[in-house]
Amino acid sequence: MKLKLITACLLLVLSVSCSEAPQPISEASDSAELSSSSDAIDVLAVMLEPPAAEKKSNQNDVFDRFKDNLLNKTWELNPSFGVYVGVYQHDHKLAVPNGEQRALQREFYVTELQALKQFDANQLTSSNATDLAIIEGELRSQIWYIDVFRSYEWNPAQYNPAGAFGVILNTEYKPLPERLVAISSRLKLVPAYYQAALDNLKLPTLEHLSLAIQQSGGTLNMFEVVIPEKIGGVDLDPQLLEELTTGLADSASAVKSYIDWLEARQLELRQSGEARSFRIGAELYEKKFKHDIESSYTAEELYNIALAAKENLHIEMMRITEELWPSYFNERPMPDNRLHAVKEMIDHLSQKHVKRDEFVDEIRRQIPIIQAFMDDNELLDSDPTRPLVVRLTPEYQRGFAGASVNAPGPYDATANTYYNVSPLDSYTDEQAESYLREYNHWILQVLNIHEAIPGHYTQLMHSNKSPSKIKSIFGNGAMIEGWAVYAERMMLESGYGDNEPELWLMYSKWNLRVVMNTILDYSVQVLDMQEQAALDMLMNEAFQERTEAEGKWRRATVSQVQLTSYFTGYSEIYAFREELKLKMGDRFDLRTFHNKFLSYGSAPVPVIRSSMLAELGLDALR
Ligand code: ZN
Ligand code: ZN
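All residue numbers for the sequence shown refer to our numbering, where the first residue is 1 and numbers rise by one.
In structure tokens form, the structure reads like this:
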């Protein structure tokens, strides 16, 4: 199935991985029930008790076998995807992305989709019913990608076998010499892999050509430097060593030919002006949005919601700036252009930040404070037996400074969830200063809320209480990121930071970034927005530095829809909460709502919403 690569988290431009990585399923915590004993009467919890007796177990047993079977076939067809989520039984195989392979995959999706019809959601447990919805969405999406989207014909950057090699090399699931046997066997298929790429590619975009050239340089480094260095340190069977040496040389030469071909094609298309446009246009965009996000909004509706959100944030930021101005700038009059005043205030406040060698310690210090706030205010259940461990990012994942929650694959039962923080060691003074201004005194707190508590770590911990491999592997990115963005606002609304205006101002800037990502993505992909207009918009209306704005522009030219996932999930979760408040009146309890919402795992928000409304016996409002 679709290879959901570990995409860098938007809110951490430099992070190694974010929660879009598959999440772990803990075998240990299956039955660990968290108590909510301090509430005398928990109305929502009582109402939400599933009518267990009515559920038929028969279909559930059959469905469980169906899911196992579906996953086994998935790993067989896509061994690298397996490696990413911790299934290593096919680690020696590399799928060659040719027409034959595509036909096999398509047939598999169609067959499974047909087989899904035997199940009736009403006969399944709520966890299985959401799994059913997720599988159906995933299969339809995959078929659409093959039949309609066809990026294998125009995106040369999607051909890159390096990632799985890196995972096999760096994950100690068996001794290194045995992993090198798997690597050697994979290497033999690399030339065929690139041949398939050349056969598939019809008319690429210039933007994806550039990206592919750049990323293939990293792949070459994997075959010429990274793997050879690792081999250098071990005592190997001479025959294996020879196989590896040949395999690496052949693979490196295949990558080089690919880069040569890309560069020639780039030159040719630049001259002829016949490259495919990177803009996918309204029709494809709406469909891709539907398949990737699974929102109850259309992309156009979401775009309009984002426009309104931007206006509201601007009004709020101008109000706070007017309030704070005299205490920071004394008699100096505010600029007439209120957005300029906001920018000046943000720049001024950004000077308050930790020293570069205190960055990691400060994160360590903050986590228990944020945790205590969440517990004391009864916002969500926590689980002291599954603590978050703050650690320095392991060397091989470093590269850039940043912070991210480490989410091991669902097949790697692990006791700890790690909050990886990279020290700023590799930065020049200037780079470190710029980074620290960005993650200043206030934003660093919002970052910790997003990544850790009650953001990604807490969501993961809850979703692990009812383990579902399906939800872990095909988890909905909009729900996962949306939750973390929702958590930021929810904490501030609950009084975290004592409603300090500076914190709200900084938070608004941070939130404006996800709002603007949505506006940018739609404007660029659908409304033909040009580069200069995009940069002006990001710098003037979202207070971004030029380098950040340029990076964002570039991202909007090589990806589509993904930039909207944070805001979509956030908007839907927030709207659903407000809807339930209205429906339930006095019976609404925030903690119960959060616990229940997260108990469904990383399912699309509309699926969670309709399940919850059905269990509550409430009708939908919208
Ligand atoms: Zn400074
Ligand atoms: Zn995130």
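Backbone N, C-alpha and C define an ideal beta-carbon position, used for all residues, glycine too.
Same chain only: Cβ atoms within 7 Å of residue i, ignoring 5 sequence neighbours per side
i      : result
His90  : Trp75, Glu76, Pro79 and Gly82
Val234 : Leu176 and Pro177
Pro501 : Ile320, Glu323 and Leu324
Ala252 : Leu220, Phe223 and Glu224
Ala631 : The structure shown does not extend to residue 631, since the chain is modelled only from 1 to 622, so the question has no answer here.
Thr205 : Trp154, Ala275, Arg276, Ser277 and Phe278
Trp553 : Glu531, Ala534 and Leu535
Leu124 : Gln59, Asn60, Phe63 and Leu132
Phe576 : Val605 and Arg609
Whether residue i touches residue j by CB criterion (8 Å)
i      : j      : result
Tyr570 : Val514 : yes
Asn200 : Glu153 : yes
Tyr496 : Phe373 : yes
His340 : Arg140 : no
Val421 : Leu392 : yes
Ile231 : Leu180 : yes
Pro604 : Asn476 : yes
Ser185 : Leu240 : no
Leu624 : Ser463 : This structure leaves residue 624 out entirely; the chain is present only between 1 and 622.
Ala157 : Gln215 : yes
Leu113 : Leu189 : no
Pro97  : Ala196 : yes
Tyr328 : Val561 : no
Tyr419 : Ala403 : yes
Thr130 : Val524 : no
Leu262 : Leu209 : yes
Thr665 : Ala308 : As shown, the chain starts at 1 and ends at 622. That puts residue 665 outside it, with no answer to give.
Leu685 : Ser151 : What is shown of the chain runs 1 to 622, which leaves residue 685 out entirely.
Classification of residue i by the beta-carbon crowding that lies within 10 angstroms, buried from 16 upward
i      : result
Gly617 : exposed
Gln23  : Unreliable positioning characterises Gln23 in this predicted model, as indicated by a pLDDT of 30, which lies under 50. The coordinate reading is nonetheless provided below. Flag for Gln23 reads buried.
Ile315 : exposed
Glu358 : exposed
Ser350 : buried
Glu311 : exposed
Gln544 : buried
Asn122 : exposed
His450 : buried
Thr246 : exposed
Gln118 : exposed
Val342 : buried
His696 : Since the displayed the chain opens at 1 and closes at 622, residue 696 lies outside it and no answer follows.
Thr298 : exposed
Glu49  : Any reading at Glu49 needs caution, since the residue's pLDDT is 43, under 50, leaving its predicted position unreliable; the model's value is listed next. That one is exposed.
Leu203 : exposed
Val148 : exposed
Pro161 : buried
Distance between beta carbons of residue j and residue i, contact taken as under 8 Å
i      : j      : result
Ser126 : Ser602 : About 15 Å separates the two Cβ atoms, so there is no contact after all.
Thr564 : Glu207 : In fact, because the Cβ distance is near 19 Å, the residues do not count as touching under 8 Å.
Val255 : Tyr194 : 7 Å
Ile135 : Leu70  : 7 Å
Val390 : Ile367 : 6 Å
Phe165 : Ile227 : 7 Å
Leu505 : Met345 : 7 Å
Ala432 : Arg364 : The pair is not a contact, with the Cβ atoms about 19 Å apart (cut-off 8 Å).
Asn72  : Asn128 : Rounded, the Cβ-Cβ distance is 18 Å, inconsistent with contact.
Tyr427 : Tyr435 : 7 Å
Val87  : Tyr574 : With a Cβ gap of about 36 Å, Val87 and Tyr574 do not count as contacting.
Leu512 : Ala484 : With a Cβ gap of about 16 Å, Leu512 and Ala484 do not count as contacting.
Lys67  : Ile470 : 6 Å
Lys352 : Trp144 : With a Cβ gap of about 48 Å, Lys352 and Trp144 do not count as contacting.
Pro454 : Leu380 : 5 Å
6 Å CB neighbourhood of residue i in its chain, flanking five on each side removed
i      : result
Thr568 : Ile293, Ser295, Leu302 and Ala478
Ala549 : Leu535, Leu538 and Met539
Asp521 : Ala556, Leu563 and Thr564
Ala282 : Val526
Met491 : Ile449
Glu488 : Val446, Ile449 and His450
Counterpart residues of residue i in DSSP-defined beta bridges
i      : result
Tyr419 : Val390 and Val405
Thr458 : Note: Thr458 sits in no beta bridge, so no partner.
Arg140 : Answer is none; Arg140 lacks a bridge partner.
Arg276 : Thr205
8 Å CB neighbourhood of residue i in its chain, flanking five on each side removed
i      : result
Val167 : Val83 and Tyr84
Val528 : Going by the sequence as given, residue 528 is Asp instead of Val. So the list reads Arg279, once near-sequence residues are dropped.
Ala452 : Ile367, Ile370, Leu388, Val405, Tyr419 and Thr458
Short CB-CB distance (under 8 Å) between residue i and chain D
i      : result
Ser185 : The chain inventory of the structure shown lacks chain D, comprising one protein chain alone.
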